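Heads up, the thing below is written out as structure tokens.
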Amino acid sequence: MIRFIINRTCQSLVILLVMSFFIFLLLGLMPGDPIDLLVGSNPTISSDDLQRLKELYDIEKPVLERYLAWITNAVHGDLGYSRLFAQPVMDILSPRLFNSITLMSVSLALALFVAIPTGIYAATHPNSLLEKAINFLCFAGISIPPFWLALLFILLFSVFAGILPASGMETIGDGSLIDRVHHMILPVATLSMATIAGYTRHVSASMTEVLQNDYIRTARAKGLLEKSVLWRHALKNALIPVVTIIALDFGSLFSGALITETMFSWLGMGKTIYDAIIGSDYNLALIGLLLATLLTLTANIMADIAYAKLDPRISYQKKN
Amino acid sequence: MSTRILKTQKSAFFSKFFNTPTAVISLSFLSLMILIILLAPIYEHLRAADSTRVDLFNRFLGPTGTYILGTDELGRDLMLRLLNGGEVSLSIGLIASIIAGSIGTVLGLTSGYFGGKIDSIIMRFADTIISLPLLPLLIVLTAIDLSKLGIPQAYIDMPFFSTFKIIIIISLVGWPTIARLVRASTLIVREDDFIQVALAQGYGPIRIMFKHVLPNVTSPIIVATTLSIGNIILFESVLSFLGLGIQPPVASWGNMLTGAQELIYEDPKLAIWPGTLIFLTVIAFNFLGDSLQRAFRTRSIQIIN
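Chains as they are written, first to last, in our numbering: chain G, 1 to 320; chain A, 1001 to 1305.
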């Protein structure tokens, strides 16, 4: 098991390294270069200064050389400065990473809380009216454009009803827990909607399959309560594939968070990456993208571990 | 004998498909919408107007005789913009899904047929793409300045260039799902006797892959491609909404929503119409794909029986 974790971690580090080069390359192809941007913001700059800046930023060196210089600094813990915020990149990203993780974990918890009972109901009542309604709502949930859902929520709850704030993380000058929770309702609702729909479908499909097994018939034949059959015998097995899907789907949860954060001005990683790319702050974008990739890869490794923990039949030891 | 089996298979498929209400409704809705969008030029001709004409004296109009759905913040005809935007959004969905489907099919066939090193390289690549946070990467890819890659500025300035760019970018990241499905089916088909016969006859791998394996793995390809159309339309709308996809003055359902957020207090209809159309189109493609999958499944159960 430990060997497996080490193995997977090494693989993930390789992917991260490849991604860092790939993103570095792509960001080099963005419109304008840092010098143009500096010239734009300071028209009195002299040509001597320009030359000095070009040397400072190594702009004329080949991309591989610049990448190697960047990665050497990065490994030594120097991740550079953000041009937009004029602060070290990590000072900006760490609180935002925390905000993103808060938003994502609350949404994820809500999604599981709703999706597991709903999925079980759908699997145990096939072809009932409510099951059909659940199925229809799931299709609606995965088909609705998330940014449009956010717009609808804003329209309904902020414009017409006026009961929930349309953006931000807290009222300036307030910032109490209730105020923060108040600001969280719409973003969490938006982000969890598609997630709930997707998870319900997975739980329902997985439960349907598990319920056809002989051990479920045996459990029922023993006279166990239906509740115990479903929640103790069936659900445990049905959740195994669901855990994998949730973790592999972490990338799309992050994509959803990007949209939600942008729509509600939630100061998280997704919004920061988007703002950094739009504002030509490439260093911030680079580190932000790599952190997002790291987050996803970590989730994938955790899925594999959870997979083995949930199902004792799975072992990652090499067969001889 | 074989033609009879084929007939019952087909009729089982069609009867299952057309007995699913959601399938029939989705198919009718999509056909009707495509028809209306194709007929849009006639309407434009009759109205002697086009979707890009700005009329600042007629901003934020409600529905009137001339403007069936009213006008937007620049006084452009909302109905015409929805029709033209729909043409762009649907074309992107259809074309990108076909390209991504083709790439996925070729790579999936190769991976499943040859196995070994080739298989593990292609699948590792596919898994990596699937597991990455896709939207941030798409944002980076769409933001690239293509003149730095040596593409002449004249092409970049062409009005439909952003449409081509989106199609290519989405196709490049959209193939892994289909590749995985095709690979899984290929692995099963490869073990069949008729492949051994084809091998014994000395046919090369390319001929076996495309003439013998491909016809037997069409159902997952059709299902996955249909399901991917909805996803691609969603991705296009998000990117265009964020200002990185389809560039104005060309309309797409996504970029029509860009300004709508700030104008939501002033004119909610600008937010409601394009979004409703995206939602209905995507849900219709998803229902269609799901019904196809169920219909194919009944067919294979019938064959086994």
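Glycine residues also receive a C-beta, built at the ideal position from the N, C-alpha and C atoms.
Bear in mind the structure is a predicted one, so any value in this text is a computation, not a measurement.
task = Return the CA-CA distance between residue 3(G) and residue 9(G), expressed in angstroms with no decimal places.
result = Within the first sequence, numbered from 1, the residue matching residue 3(G) stands at position 3. Within the first sequence, numbered from 1, the residue matching residue 9(G) stands at position 9. Approximately 10 Å, taken between the alpha carbons.
inquiry  = Using only CA atoms, which one of 1270(A), 1012(A) and 1244(A) lies nearest to residue 985(A)?
reply    = For chain A, the structure presents residues 1001 to 1305; residue 985(A) sits outside this window and is missing.
Residues from the region 258-271 of chain G in contact with chain A, defined by Cβ distance under 8 Å = 258, 259, 262, 263 and 270
key: Integer-rounded CB distance, given that residue 96(G) should sit under 8 Å from residue 263(G)   = Counted from its first residue, the first sequence places residue 263(G) at position 263. Counted from its first residue, the first sequence places residue 96(G) at position 96. The pair is not a contact, with the Cβ atoms about 16 Å apart (cut-off 8 Å).
key: Euclidean distance between Cα positions of residue 1112(A) and residue 1190(A)   = Your numbering for residue 1112(A) matches position 112 in the second sequence. Your numbering for residue 1190(A) matches position 190 in the second sequence. Those two C-alpha atoms are separated by around 8 Å.
ask   = Using 8 Å as the threshold, is the region 212-231 of chain G in touch with the region 1098-1113 of chain A, meaning 3 or more CB pairs across them?
value = no
query = Counting pairs of beta carbons, one from the region 1126-1142 of chain A and one from the region 284-303 of chain G, are three or more of them closer than 8 Å?
reply = yes
ask   = With a cut-off of 8 Å, does the C-beta of residue 62(G) fall near any C-beta of chain A?
value = Position 62 of the first sequence, counted from the first residue, corresponds to residue 62(G). Answer no: the Cβ-Cβ gap between residue 62(G) and chain A never drops below 8 Å.
request  = Identify every residue that forms a DSSP beta bridge with residue 167(G).
outcome  = Locating residue 167(G) in the first sequence gives position 167, counting from the first residue. Bridge partners of residue 167(G): none, in fact.
message = So residue 1237(A) contacts chain G; which residues on that side make the cut at Cβ distance below 7 Å?
response = In the second sequence, residue 1237(A) corresponds to position 237, counting from 1. Those are 145, listed as they occur along chain G.
key: Length of the line joining the Cα atoms of residue 1018(A) and residue 1010(A)   = Along the second sequence, one-based indexing puts residue 1018(A) at 18. Along the second sequence, one-based indexing puts residue 1010(A) at 10. Residue 1018(A) and residue 1010(A): Cα-Cα distance of roughly 12 Å.
ask   = Just the Cα atoms here: how many angstroms apart are residue 182(G) and residue 116(G)?
value = In the first sequence, the residue the question calls residue 182(G) occupies position 182. In the first sequence, the residue the question calls residue 116(G) occupies position 116. Each residue's alpha carbon lies about 26 Å from the other.
request  = Tell me, to the nearest whole angstrom, how far the beta carbon of residue 1223(A) is from that of residue 1182(A); I am working on the premise that it is less than 8 Å.
outcome  = In the second sequence, the residue the question calls residue 1223(A) occupies position 223. In the second sequence, the residue the question calls residue 1182(A) occupies position 182. Actually they are not in contact, since the Cβ atoms of residue 1223(A) and residue 1182(A) sit about 11 Å apart, beyond 8 Å.
request  = Output the boundary residues of the alpha helix (DSSP H) element that contains residue 1165(A).
outcome  = Within the second sequence, the letter at position 165 stands for residue 1165(A). From DSSP, the alpha helix (DSSP H) with residue 1165(A) extends over 1161-1190.
query = So, does the CB of residue 1148(A) fall closer than 8 Å to a CB anywhere in chain G?
reply = Taking the second sequence and counting its residues from 1, the one referred to as residue 1148(A) is at position 148. Chain G contact via Cβ: present.
ask   = Is the region 270-286 of chain G close to the region 76-92 of chain G, with three or more CB pairs under 8 Å?
value = yes
query = Would residue 1078(A) be called buried (16 or more neighbouring beta carbons within 10 Å of its own) or exposed?
reply = Position 78 of the second sequence, counted from the start, is the residue given in the question as residue 1078(A). Label assigned to residue 1078(A): buried.
Nearest candidate by alpha-carbon position, reference residue 214(G), set 229(G), 203(G) and 94(G) = By 1-based counting over the first sequence, the position of residue 214(G) is 214. Considering only alpha carbons, the answer is 229(G).
Identity of the residues DSSP links to residue 1077(A) by a beta bridge = For this step, residue 1077(A) is matched to residue 77 along the second sequence. Per DSSP, 1071(A).
task = Label residue 184(G) either buried or exposed according to how many other C-beta atoms from any shown protein chain fall within 10 Å of its C-beta, with 16 as the threshold for buried.
result = Along the first sequence, read from residue 1 onward, the residue named residue 184(G) stands at position 184. So residue 184(G) counts as buried.
query = What is the DSSP secondary structure of residue 1353(A), reduced to helix, strand or coil?
reply = Residue 1353(A) falls outside the range modelled here, since chain A spans only 1001 to 1305, and no answer is possible.
request  = Please classify residue 1203(A): does DSSP put it in a helix, a strand, or coil?
outcome  = Walking along the second sequence from the start, residue 1203(A) turns up at place 203. Residue 1203(A) falls in the coil class under three-state DSSP.
Close-in-space but distant-in-sequence residues of the same chain around residue 216(G) (CB under 8 Å, 5 per side omitted) = On the first sequence, residue 216(G) is found 216 positions in, with the first residue counted as 1. For residue 216(G), where only same-chain residues beyond five positions count, the Cβ hits under 8 Å are 210, 229, 233 and 234.
task = Determine the contact status of residue 1228(A) and residue 1097(A), defining contact as a CB-CB distance below 8 Å.
result = Along the second sequence, one-based indexing puts residue 1228(A) at 228. Along the second sequence, one-based indexing puts residue 1097(A) at 97. In this structure, residue 1097(A) lies closer than 8 Å to residue 1228(A) by Cβ.
message = Rounded to whole angstroms, what is the Cα-Cα separation between residue 1294(A) and residue 1029(A)?
response = Position 294 of the second sequence, counting from 1, holds the residue named residue 1294(A). Position 29 of the second sequence, counting from 1, holds the residue named residue 1029(A). Rounded to whole angstroms, residue 1294(A) to residue 1029(A) spans 20 Å at the Cα level.
CB of residue 1275(A) within 8 Å of CB of residue 145(G), strictly = On the second sequence, residue 1275(A) is found 275 positions in, with the first residue counted as 1. On the first sequence, residue 145(G) is found 145 positions in, with the first residue counted as 1. Result yes, Cβ atoms of residue 1275(A) and residue 145(G) sit closer than 8 Å.
ask   = Does the beta carbon of residue 1131(A) come closer than 8 Å to any beta carbon on chain G?
value = As a first step, residue 1131(A) is located in the second sequence; it is residue number 131 there, counting from the start. Answer yes: the Cβ-Cβ gap between residue 1131(A) and chain G drops below 8 Å somewhere.
key: Residues of the region 1216-1237 of chain A with Cβ closer than 7 Å to any Cβ of chain G, in chain order   = 1230, 1234 and 1237
query = Roughly how many whole angstroms lie between the Cα atoms of residue 65(G) and residue 281(G)?
reply = If you number the first sequence from 1, residue 65(G) lands on position 65. If you number the first sequence from 1, residue 281(G) lands on position 281. Going by the C-alpha atoms only, they are around 21 Å apart.
ask   = Does the separation of the CB atoms of residue 1257(A) and residue 1142(A) fall below 8 Å?
value = Walking along the second sequence from the start, residue 1257(A) turns up at place 257. Walking along the second sequence from the start, residue 1142(A) turns up at place 142. No, these two residues do not count as a Cβ contact at 8 Å.
ask   = Who are residue 176(G)'s beta bridge partners in DSSP?
value = The residue you call residue 176(G) lines up with position 176 of the first sequence. The partner list for residue 176(G) (beta bridge, DSSP) is empty, contrary to what the question assumes.
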